[in-house]
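Just so you know, the sequence shown maps onto residues 11 to 280 in the numbering used here. Just so you know, even glycine gets a beta-carbon here, dropped at the ideal spot from N, CA and C.
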Amino acid sequence: MTHRVSGVPVKLLLKLLLFVISFSLVFYLLRTHPGYRAFLAADLKDLGGIPWLYSIVGMIFSMLAAFIVQREWEHWSNLLGAMKEEVSALDQLWHWSHHFPGEIQQRLQEAIWCYLSCTIAEGWGGDGQGADNEAVEDVLASLRDATFAMARQPELMLAVSSMVAEITKHRWDRLNAGARRMPRILKYTLIFADGLVIVLSLFIGVRNVWLDYLFTTSIALLVYLVYLVVEDLEHPLRPGIWHVTSIDYQRLRQRLQRANKAARPDQNLL
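Here you go:
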């Protein structure tokens with residue numbers, strides 16, 4: 011899959027471990043403060059009203075987080091879908107190229123190879139991929155020129171022009187999906203809600219300190235994990251716990267290179 015990155019468990023566990031250590035320190039400082047203990051004791055005598063109010067805050071946060079995660083997951087799925095369709099269209103065009111005369115076949119295959127090389131060289135490790143790539147646009151122009159050279163074979167010309175149009179469409183779908191970002195007000199709302207749920211969890215009164223620590227830390231950890239998921243889904247190309255890579259394009263290029271060497275050992279697209 012295109013979104014698997016080596017070292018993911020280590021990165022995730024390291025971030026979660028640092029968060030637990032920081033949260034545990036805050037929990038210990040608050041628990042040992044006399045004013046904080048008196049506050050919790052008063053709440054427990056008052057039938058524990060804080061947990062009931064906190065449950066309402068948690069419910070609102072859950073609805074907000076579910077909406078944002080669903081929205082970002084749709085964008086992530088659209089990006090992966092566009093990449094898959096783009097690679098599939100390139101593969102089909104390569105196979106179709108074998109049915110054309112030698113010169114046109116060579117032009118198509120060289121254009122496909124250059125397209126893959128330029129796409130792989132794009133900014134897959136950056137924060138976005140919305141910028142135009144002049145090299146890829148030149149390759150697409152050469153593909154169109156090769157298509158118009160098939161005027162004497164209208165059926166093949168129609169099929170190839172359709173595949174070139176499909177490649178172009180999926181390329182722009184990929185660029186748009188990779189560059190799409192969450193509205194600022196929505197992201198700030200999520201950050202504020204995350205902080206609110208984490209901070210308020212420290213004021214839930216539980217007599218047993220270990221149960222208090224266990225449940226409070228679990229709540230804070232889950233909220234922080236939701237934020238990490240949303241952050242990576244919003245930036246699918248930026249290195250994080252996981253992100254999208256060009257591995258599918260690399261595999262296709264390697265497969266085409268092997269097929270080309272097997273069919274024509276004396277020629278090389280490189």
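Close beta carbons around GLY250, own chain, < 6 Å, minus the five adjacent residues each side: These residues qualify, in order along the chain: ASP242.
Suppose the cutoff is 7 Å on Cβ atoms and the five residues either side in sequence are ignored; what does the same chain contact list for ARG184 look like? LEU89, ALA92, MET93, GLU96
Do you know offhand how far ILE78's Cα is from LEU212's? So the alpha carbons of these two residues sit roughly 25 Å apart.
Quick check on the DSSP output: the alpha helix (DSSP H) that includes THR42 runs from which residue to which? THR42 -> no alpha helix (DSSP H), and no H or E assigned at all.
Rounded to a whole number of angstroms, what is the C-alpha to C-alpha distance between TRP106 and VAL170? The straight-line gap from Cα to Cα measures roughly 8 Å.
What did DSSP end up calling VAL254 once you bin it into helix, strand or coil? coil
I'd like to know if the segment 20 to 29 and the segment 224 to 242 are in contact, where contact means that at least 3 CB-CB pairs between them fall below 8 Å. yes
Have a look at ALA156, HIS109, ALA99 and flag the residue whose alpha-carbon is nearest the alpha-carbon of ALA121. ALA156
What did DSSP end up calling ALA187 once you bin it into helix, strand or coil? If DSSP states are grouped into helix, strand and coil, ALA187 belongs with the helices.
Below 8 Å on the Cβ atoms is my guess for ILE214 versus THR226; work out the distance and round it to an integer in Å. That belief holds up - the Cβ atoms of ILE214 and THR226 are roughly 7 Å apart, short of 8 Å.
What would DSSP say about PRO246, mapped onto helix, strand or coil? coil
Assuming contact is defined by CB atoms lying nearer than 8 Å, are GLN102 and MET173 in contact in what I supplied? yes
Does the Cβ-Cβ distance between ARG263 and LEU126 come in under 8 Å? Yes, the pair counts as a contact, with Cβ atoms nearer than the cut-off.
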